[in-house]
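Student: My questions all concern the structure below.
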Amino acid sequence: MYALVDCNNFYVSCERLFNPALKGVPVVVLSNNDGCVVARSPEAKALGIKMAVPAFQIKELIKKHQIRVYSSNYSFYGDISSRVMATLESLAPQIEVYSIDEAFLDLSGFGQPGSLTDYGQHIRSTVKQYIGIPVCVGIAPTKTLAKLANHGAKSYPRTGGVVDLSAKERQQKLMSLVDVGEIWGIGRKTAEKLQRHGIKTAFQLSQLDLQHAQRVANINLVKTIDELNGVIHYSFDDVPEIRKQLICSRSFAQRMTDYTSLRQTICEFAARAAERLRGEQLACGVVQVFIRTGQFNNNDPGYSNSATARLSAPAADTRTIVKTATDLFDAIWKEGYRYAKSGVMLGEFCDPQTVQQDLFADASVDEESARLMGVIDQINRSSKGKVWFAGQRPYEDWFMKRANLSPAYTTRWSDLPLVR
DNA sequence: TCTGGGGTCCTAGGACCC
DNA sequence: TCTGGGGTCCTAGGACCC
199 MYALVDCNNF
209 YVSCERLFNP
219 ALKGVPVVVL
229 SNNDGCVVAR
239 SPEAKALGIK
249 MAVPAFQIKE
259 LIKKHQIRVY
269 SSNYSFYGDI
279 SSRVMATLES
289 LAPQIEVYSI
299 DEAFLDLSGF
309 GQPGSLTDYG
319 QHIRSTVKQY
329 IGIPVCVGIA
339 PTKTLAKLAN
349 HGAKSYPRTG
359 GVVDLSAKER
369 QQKLMSLVDV
379 GEIWGIGRKT
389 AEKLQRHGIK
399 TAFQLSQLDL
409 QHAQRVANIN
419 LVKTIDELNG
429 VIHYSFDDVP
439 EIRKQLICSR
449 SFAQRMTDYT
459 SLRQTICEFA
469 ARAAERLRGE
479 QLACGVVQVF
489 IRTGQFNNND
499 PGYSNSATAR
509 LSAPAADTRT
519 IVKTATDLFD
529 AIWKEGYRYA
539 KSGVMLGEFC
549 DPQTVQQDLF
559 ADASVDEESA
569 RLMGVIDQIN
579 RSSKGKVWFA
589 GQRPYEDWFM
599 KRANLSPAYT
609 TRWSDLPLVR
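Next comes the structure, spelled out in structure tokens:
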């Protein structure tokens, strides 16, 4: 049995923690670059603001209803998230952190079915008391059903924020009330396709013939249907696997047209990606670079391109990764476009201790590289200052609009809330 | 004028081989 | 120069998630 614990409109709840004036009024949090809405308080949802709607489209609504608007403060949310997760760790033998605001708990061998609702309430009240964040809990035999249970707990206040779907009848009852598009793994496209086949509710989906499902969509739909019927395909995973790729990319606050500026962004992303790579004790075998113009302005000519290079031996050295990335950039750069976004992607990770050496490499060079990178990382993590490579572009002037940022309440001394 | 960032997985289609 | 089937591998793009 799984429990899915999901924080209620997490980013808004974080902002409310240290700013009680936000309680009971409509609040939204915007994505990076103040682009679109990524979290809404219940009051904001009630005004009809949809998830992921571009901020400029709701300007009038914001003014009219005095909606409080915040830029994303990820370091703050990340810090609150780790406190929530630590609390959950103390409440279950094993947890799988699924995203910044969700975790699966393994409840196998955990009390009698039926007593699980009480346990869910215990989780809710403990997290609320310790951290101050409201959560909902969904309990069920598969992850997909636990997601559905959580959705039910969020949608129906009468549940008290906890839904236990141990019993088959309750699963079916809830499924018949829920649109197929609400199911985990069913996005907009698949939902439309299913509706064209007359499948509107989750229950109808659960009854779909598996071979038919495979033809209509793909293997993932088959797995989802199985999971709705209690067959586990997505098992509990408390030690996260090594990631497959690492991306560092941003949209720019303003369009960029010149070679030097754009090249600097690539340097910066490459350097940051390399830093994260070393932070996870990994080396990479592949570097990819992409640049593109805006997607939405039809008057501008569009251009989008990427290039990939395989390194002669896996590397974690910023100098290697920056050099490779800028060479790739030179190969795809084209004059005459208004660029909106760029990025660097690293892949094919391995443990730097056990890598296959380049046949022609000199081992002492690798040692020196590791030492140098270690020193740079140490300096950059400390409060003493920053070291960077000449090609990098200092972040602040091009990166992200964040007009409505809340203080770093928990991660910067000067922003600590004071009690007078 | 302004439309996120960071991931994973699957599929279709092209290149290439025998 | 034309012809076929079967296989692998790679890449681009789509769909989905939060």
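Per this note's numbering, residue 199 is the first one in the first sequence, and the count goes up by one each step.
Every residue, glycine too, gets a C-beta built ideally from N, C-alpha and C.
Assign Met249 to buried or exposed, taking buried as 16 or more other Cβ atoms, counted over all protein chains shown, within 10 Å of its Cβ.
Tutor: Locating residue 249 in the first sequence gives position 51, counting from the first residue. It counts as exposed.
Student: What residues in its chain sit with their C-beta under 8 Å from that of Ile381, if we drop five residues either side in the sequence?
Tutor: Counting from one through the first sequence, the residue named residue 381 turns up at place 183. Closer than 8 Å at Cβ, skipping near neighbours: Thr342, Lys345, Leu346, Ala400, Leu403, Thr422, Leu426.
Student: For Ile278 and Ile337, which I take to be in contact (beta-carbon distance under 8 Å), what is that distance rounded to the nearest angstrom?
Tutor: Locating residue 278 in the first sequence gives position 80, where the first residue counts as 1. Locating residue 337 in the first sequence gives position 139, where the first residue counts as 1. Not quite, the Cβ-Cβ distance comes to about 24 Å (not below 8 Å), so this is no contact.
Student: Can you check which of these residues, Gly307, Val235, Phe274, is closest to Trp611 by C-alpha distance?
Tutor: Position 413 of the first sequence holds residue 611. Comparing Cα-Cα distances from Trp611 to each of Gly307, Val235, Phe274, the minimum goes to Phe274.
Student: Going residue by residue through the segment 409-490, where are the continuous beta strand (DSSP E) segments of at least 3 residues, counting only ones entirely within it?
Tutor: 443-454
Student: Please say whether Phe434 and Gly302 have beta carbons closer to each other than 8 Å?
Tutor: Taking the first residue of the first sequence as 1, we reach residue 302 at position 104. Taking the first residue of the first sequence as 1, we reach residue 434 at position 236. First, the amino acid is wrong: residue 302 is Phe here, not Gly. Yes, these two residues count as a Cβ contact at 8 Å.
Student: Can you give, in chain order, each stretch of the alpha helix (DSSP H) that sits fully within the segment 317-381 and has at least 4 residues?
Tutor: 341-353, 366-375
Student: With 16 as the cutoff for other CB atoms within 10 Å, does Ala538 come out buried or exposed?
Tutor: Along the first sequence, one-based indexing puts residue 538 at 340. With 16 or more other Cβ atoms within 10 Å, it is buried.
Student: Tell me which same chain residues have a C-beta within less than 8 Å of the C-beta of Lys442, skipping the five on either side of it?
Tutor: Looking up residue 442 in the first sequence gives position 244. Correct list, in chain order: Gly545, Phe547.
Student: How big is the Cα-Cα spacing for Gly379 and Gly477?
Tutor: Against the first sequence, residue 379 aligns to sequence position 181. Against the first sequence, residue 477 aligns to sequence position 279. Distance between the alpha carbons of Gly379 and Gly477 is about 38 Å.
Student: Can you tell me whether Ala365 is buried or exposed? The criterion is at least 16 other CB atoms within 10 Å of its CB, across all chains shown.
Tutor: In the first sequence, the residue the question calls residue 365 occupies position 167. Counting Cβ neighbours within 10 Å, Ala365 comes out exposed, since fewer than 16 surround it.
Student: Does the segment 501-509 come into contact with the segment 449-456, if we say contact requires no fewer than three beta-carbon pairs (one atom in each stretch) closer than 8 Å?
Tutor: no
Student: Short check: CB of Val236 to CB of Ile265, under 8 Å?
Tutor: Here residue 236 corresponds to residue number 38 of the first sequence, with the count starting at 1. Here residue 265 corresponds to residue number 67 of the first sequence, with the count starting at 1. Taking 8 Å as the Cβ cut-off, Val236 and Ile265 do not qualify as a contacting pair.
Student: If you run the structure through DSSP and keep just helix, strand and coil, what is Leu220?
Tutor: Residue numbering aside, residue 220 sits at position 22 when the first sequence is read from its first letter. Three-state DSSP puts Leu220 in a helix.
Student: Which term fits Gln576, buried or exposed, when burial requires 16 or more other beta carbons within 10 angstroms of its beta carbon?
Tutor: Position 378 of the first sequence, counted from the first residue, corresponds to residue 576. Under this definition Gln576 is an exposed residue.
Student: Between Gly534, Leu314, Arg322, Ser313, which has its C-alpha nearest Glu300's C-alpha?
Tutor: Working through the first sequence from its first residue, we reach residue 300 at position 102. When each option's Cα is compared against that of Glu300, the closest is Arg322.
Student: Can you name the start and end residues of the alpha helix (DSSP H) that Arg214 belongs to?
Tutor: Within the first sequence, numbered from 1, the residue matching residue 214 stands at position 16. From DSSP, the alpha helix (DSSP H) with Arg214 extends over 208-215.
Student: Put Ile144 into one of helix, strand or coil per three-state DSSP.
Tutor: Limits of the chain in this structure are 199 at one end and 618 at the other, which puts residue 144 out of reach.
Student: If we ignore side chains and look at the alpha-carbon of each, how far apart do Arg618 and Leu220 end up?
Tutor: For the purposes of this step, residue 618 is identified with residue 420 of the first sequence, where counting begins at 1. For the purposes of this step, residue 220 is identified with residue 22 of the first sequence, where counting begins at 1. Looking at the two C-alpha atoms, the distance is approximately 20 Å.
Student: Can you tell me whether His395 is buried or exposed? The criterion is at least 16 other CB atoms within 10 Å of its CB, across all chains shown.
Tutor: For the purposes of this step, residue 395 is identified with residue 197 of the first sequence, where counting begins at 1. Classification for His395: exposed.
Student: Check for me: the alpha helix (DSSP H) holding Ser279 runs from which residue to which?
Tutor: On the first sequence, residue 279 is found 81 positions in, with the first residue counted as 1. Element bounds for Ser279: 272-287.
Student: Looking only at C-alpha atoms, which of Leu419, Val335, Thr340, Leu406 sits nearest to Lys387?
Tutor: Within the first sequence, numbered from 1, the residue matching residue 387 stands at position 189. Out of Leu419, Val335, Thr340, Leu406, the CA that lies nearest to the CA of Lys387 is found in Leu419.
Student: Closest to Ala505 by CA distance: which of Ile519, Ala523, Gln493 is it?
Tutor: As a first step, residue 505 must be located in the first sequence, where it is residue number 307. Cα-wise, what sits closest to Ala505 is Ala523.
Student: Note down, one range per segment and in chain order, each alpha helix (DSSP H) of at least 4 residues found wholly within the segment 495-576.
Tutor: Whole alpha helix (DSSP H) segments, 4+ residues: 516-530.
Student: On the criterion of 16 or more Cβ atoms from any shown chain inside 10 Å, does Leu392 qualify as buried, or is it exposed?
Tutor: Numbered from its first residue, the first sequence carries residue 392 at position 194. Buried, since its Cβ has 16 or more Cβ neighbours within 10 Å.
Student: What residues in its chain sit with their C-beta under 6 Å from that of Val376, if we drop five residues either side in the sequence?
Tutor: Counting from one through the first sequence, the residue named residue 376 turns up at place 178. Around Val376: Ala400.
Student: Contact defined as beta carbons within less than 8 Å: I believe Ile489 pairs with Asn503. What is the distance between those atoms, to the nearest angstrom?
Tutor: Taking the first residue of the first sequence as position 1, residue 489 is located at position 291. Taking the first residue of the first sequence as position 1, residue 503 is located at position 305. Yes, Ile489 and Asn503 are in contact; Cβ-Cβ is about 6 Å, under 8 Å.
Student: Does the distance from the CB of Val267 to the CB of Asn578 come in under 8 Å?
Tutor: Residue numbering aside, residue 267 sits at position 69 when the first sequence is read from its first letter. Residue numbering aside, residue 578 sits at position 380 when the first sequence is read from its first letter. Cβ distance not < 8 Å, so Val267 and Asn578 don't count as in contact.
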